[in-house]
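Numbering (this note's numbering), first residue to last: 1 to 352.
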């Protein structure tokens, strides 16, 4: 048995939430400790790797949100789960182009993986950056303008299966050296708030995402700023089984090789919005990534890039725009939501 399979077997049945935590973050055997996730040589490609335009536009969104807040000093530009550092590098370049000088933020990256933090240091070499391993470590340096791009989907979910006796929690255990799903009891009473559904359906909730949004909402309420959430979602949530594994740019079995494949689950934006609203934030969206990027001017930015590009490069730029915005690519599968303190000026891409 591999190290993770042995750990699961020794622990007995564990929740799907705990399985995701071990598979992704175990310091010895977890995916982010051992694998190179991003890019053509990795397991998947995120929007910042598809085109510089994505990070540039999100950076300018934060800059205009900062201006709408009165251009406060000091202020933080925060990215959650910054991956290879590509998004932040592109964002800062665009902000500095807009200002004609230095960008106005303290840069803070929230990264749990020491390996990925090393890549981010390379991408942002020469810049003053503060790294935090968790949201709880974020400093108080004025309003925080926060980007969470494909971050929440990696936070673990709990799954419940509807049976004739009601909702039962889906667990993970080892049988004959093989990982398998089994059904357990709902020992925490979480199923009491789940919607009704036909027998056999799966419902996903994410206490981890709720906690994170609650913590950040309290920070934004107290200190000001804004948060932009961009992530993949699915219709019909929370009654959907969206947990997926990806390896070498293909879907993989979720249980076969823990630690060797990326695990993620679709984000329930309605649930996040409810948490933020309870904490006093204003919620704008969600809306589709495609429509959002179009409103931010991705077509105009693409034309500017193509102006001095070779025909081959110009074709690649057009392909990137299609991939980021088209309904048959990322345009509809990914959604965008803004979280703001009450009374804040609506930032670009959103209307009240």
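The beta carbon of each residue, even a glycine, is placed where N, CA and C say it ideally should be.
| query | result |
| --- | --- |
| In chain order, which beta strand (DSSP E) runs of at least 3 residues are fully inside the segment 114 to 186? | 129 to 132, 144 to 149, 158 to 163, 166 to 175 and 178 to 183 |
| Measure the C-alpha to C-alpha separation of residue 156 and residue 135 and round it to an integer number of angstroms. | 16 Å |
| Pull up the distance between the alpha-carbon of residue 195 and that of residue 315, whole angstroms please. | 47 Å |
| Kindly indicate which three-state DSSP category residue 230 falls into: helix, strand or coil? | strand |
| Can you tell which of 334, 333, 303 and 308 has the C-alpha that lies nearest to the C-alpha of residue 319? | 303 |
| If you drop the 5 nearest sequence neighbours on each side, which residues of the same chain put their C-beta closer than 7 Å to that of residue 264? | 153, 154 and 244 |
| Out of curiosity, what's the CA-to-CA distance linking residue 282 and residue 177? | 49 Å |
| Grab me the residues of residue 353's own chain with a C-beta within less than 8 Å of its C-beta, minus the 5 sequence neighbours each way, in chain order. | Missing from the structure shown is residue 353; the chain here goes from 1 to 352 and no further. |
| Evaluate the contact criterion for the segment 15 to 34 versus the segment 49 to 69: three or more CB pairs, one atom per stretch, below 8 Å. | no |
| How close, in whole Å, do the beta carbons of residue 124 and residue 88 come, if the pair is a contact with beta carbons under 8 Å? | 6 Å |
| Three Cβ pairs or more, each shorter than 8 Å: is that satisfied between the segment 43 to 52 and the segment 102 to 119? | no |
| Go ahead and pull the three-state DSSP assignment for residue 321. | helix |
| Can you tell me where the alpha helix (DSSP H) with residue 33 in it begins and where it stops? | 31 to 34 |
| On the three-state DSSP scale, how would you describe residue 314? | helix |
| Rounded to a whole number of angstroms, what is the C-alpha to C-alpha distance between residue 217 and residue 208? | 14 Å |
| With residue 54 as the anchor, note down where its alpha helix (DSSP H) starts and where it stops. | 52 to 68 |
| Let me know the secondary structure DSSP gives residue 394 once reduced to three states. | Nothing can be reported for residue 394: it is not among the residues displayed for the chain, which extend from 1 to 352. |
| Kindly give me the distance between the Cβ atoms of residue 335 and residue 233, rounded to whole angstroms, as I take these residues to be in contact under 8 Å. | 5 Å |
| For residue 210, does the three-state DSSP call read helix, strand or coil? | helix |
| Per DSSP, residue 106 forms a beta bridge with which residues? | 76 |
| Of all the CB atoms in chain D, is at least one closer than 8 Å to the CB of residue 219? | Here there is only one protein chain, and chain D is not present. |
| At 3 residues or longer, and completely inside the segment 225 to 298: list those beta strand (DSSP E) runs for me, N to C. | 225 to 232, 244 to 247, 250 to 252, 262 to 264 and 282 to 288 |
| In angstroms with no decimal places, state the Cα-to-Cα distance between residue 227 and residue 148. | 8 Å |
| Quick one: grab the DSSP three-state call for residue 111. | coil |
| Once the 5 residues before and after residue 288 are set aside, which same chain residues still bring their CB inside 7 Å of it? | 331, 332 and 335 |
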